[in-house]
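First up is the structure itself, then whatever we jot down about it.
In the numbering used here, the protein residues as written are 95 to 552.
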């Protein structure tokens, strides 16, 4: 054990001495406009994947490959020099959300800018900055000890922001690079600087598009307005029917599968989780619309939600009765809910409310189940020890309202525990303009990963 601790100390010293190069590599990574949802960035995705592959080889990983995906490449690498030690799967993603509206950004989203302790760029927090903490930790171990305490499989996803279609299919196919004893993911948040969180569960997700169509073509509003059924108005009525006036979902049977919160769980969330005011402060909103009887944190982590994320019509602002109107719907699933069952309930609800002469179609774009971490899993002890050593405190054990399709699918298909220990902050503006990363979290996150790799062996 003393020899192992000496190796940890050496790796920590190396990582701390290399913070400037680590930051420069992150800046380079952030300059790639890796928006997986936009086909025009296909070449950027490939260029970024190739750069990552070179970096993985440079820091000493082996079997580095860039594998073709449905939309973007998957980058994989390995290190198998620890016979008898567990194999750890480290997962991250290099794709990012679209940046619009550009006018809301204070700086170019793909030209990283440091202001004080923050680095601003799209992907700075979600997930390139958090991914870089693992790469820096791996480099530190290999540079100082020429080994890792555990065997490693690294998988970098280029499609996470669009549901990870390549890797979700790979899970079902039993893809060998996904075989491991435990998985580590850093794509989540901390309560505050110095206050780590081990995520105990993720909500599932269901993506859908509702299209309502009526006339064969757009019609002049003056000539036909008031005489024909308007698809835009029908869509508005259908969307309004999804919730009652308080914000509770009105889809029949929607809550039937939801695993109820116990009083003990509620007390824990109230004590360890953020208060409503703190949680809603980054949104500039007050608690109002939502399922009654639950705090904001309970609503977004342990209760389900139906969220309308986009509305558009074929009219595109012209004075017409549009022929078509479309809404994008994102359903977040709580523990116990199944994507397929929930999709069918939503379909029935909408079909029953479409008026004569109007056609409606609900297209399901994909989904993933919720994920729950067993609190007795050995990885929980390892994370607690690593956080005590780096942050001086154990992590809060809290659920997340987010969804990571690959993680949920992997855990549902294989007997593997996934530890989600993230280094973002609640006000990082992920998925929004002016996304940023608190740089001390990058460096302390690197230290935590160095410690964690050793703790997984003990």
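Just so it is clear, CB atoms sit at the ideal spot from N, CA and C, and this is done for glycine as well.
Candidates the options, of which the one nearest residue i by Cα
i	options	result
residue 297	497, 515, 280 and 224	497
residue 155	174, 402 and 346	174
residue 150	127, 176 and 184	184
residue 448	287, 238, 308 and 435	308
residue 524	192, 352 and 102	192
residue 556	537, 551 and 550	Absent from the structure is residue 556, since the part of the chain shown begins at 95 and ends at 552.
residue 218	244, 294, 266 and 121	121
residue 215	548, 526 and 547	526
residue 373	407, 415, 220 and 522	522
residue 345	325, 425, 368 and 305	425
residue 312	141, 165, 194 and 419	419
Backbone secondary structure at residue i - three-state DSSP
i	result
residue 420	strand
residue 458	strand
residue 269	coil
residue 491	strand
residue 336	coil
residue 448	coil
residue 471	coil
residue 539	helix
residue 294	strand
residue 108	helix
residue 239	helix
residue 502	helix
residue 323	coil
residue 100	helix
residue 479	helix
residue 356	coil
residue 305	strand
residue 244	coil
residue 484	helix
Rounded distance between the beta-carbons of residue j and residue i, thought under 8 Å
i	j	result
residue 519	residue 213	At roughly 12 Å, the Cβ-Cβ gap does not stay under 8 Å, so residue 519 and residue 213 are not in contact.
residue 256	residue 131	5 Å
residue 292	residue 547	That pair is no contact at about 16 Å.
residue 478	residue 456	Contact doesn't hold; Cβ gap of about 44 Å is too wide.
residue 228	residue 543	5 Å
residue 431	residue 398	6 Å
residue 402	residue 421	6 Å
residue 224	residue 258	Not really, about 16 Å apart at Cβ, beyond 8 Å.
residue 244	residue 179	5 Å
### Task
Could you tell me whether the stretch 317-326 touches the stretch 503-516, where touching means 3 or more Cβ pairs closer than 8 Å?
Segments in contact, no.
#### Entry: Any beta strand (DSSP E) of 3 or more consecutive residues that is wholly inside the stretch 134-211
156-161, 168-173, 181-187 and 207-209
### Message
For the structure I just gave you, are there three or more beta carbon pairs, one from the stretch 270-284 and one from the stretch 433-440, closer than 8 Å?
### Response
Judged by Cβ distances under 8 Å, the stretch 270-284 makes no contact with the stretch 433-440, as fewer than three pairs qualify.
#### Entry: Three-pair Cβ contact test at 8 Å for the stretch 451-463 versus the stretch 289-303
As far as the Cβ criterion goes, the stretch 451-463 touches the stretch 289-303, which means the pair count is three or higher.
### Query
Using 8 Å as the Cβ pair cut-off and three pairs as the minimum, do the stretch 469-487 and the stretch 383-396 touch?
With a cut-off of 8 Å, the stretch 383-396 and the stretch 469-487 do not count as touching, because too few Cβ pairs lie within range.
### Message
Tell me whether the stretch 131-144 and the stretch 98-118 touch, counting them as touching only if at least three CB pairs, one residue from each stretch, are closer than 8 Å.
### Response
no
### Message
Count Cβ pairs between the stretch 476-491 and the stretch 244-263 that sit closer than 8 Å; are there 3 or more?
### Response
no
### Task
Any chance you could list the beta strand (DSSP E) runs of at least 3 consecutive residues sitting entirely within the stretch 371-444, in chain order?
The beta strand (DSSP E) runs lying completely inside the stretch 371-444 and spanning 3 residues or more are 399-407 and 418-427, given in chain order.
### Segment contact flag, the stretch 258-267 with the stretch 199-209, C-beta cutoff 8 Å, min 3 pairs
no
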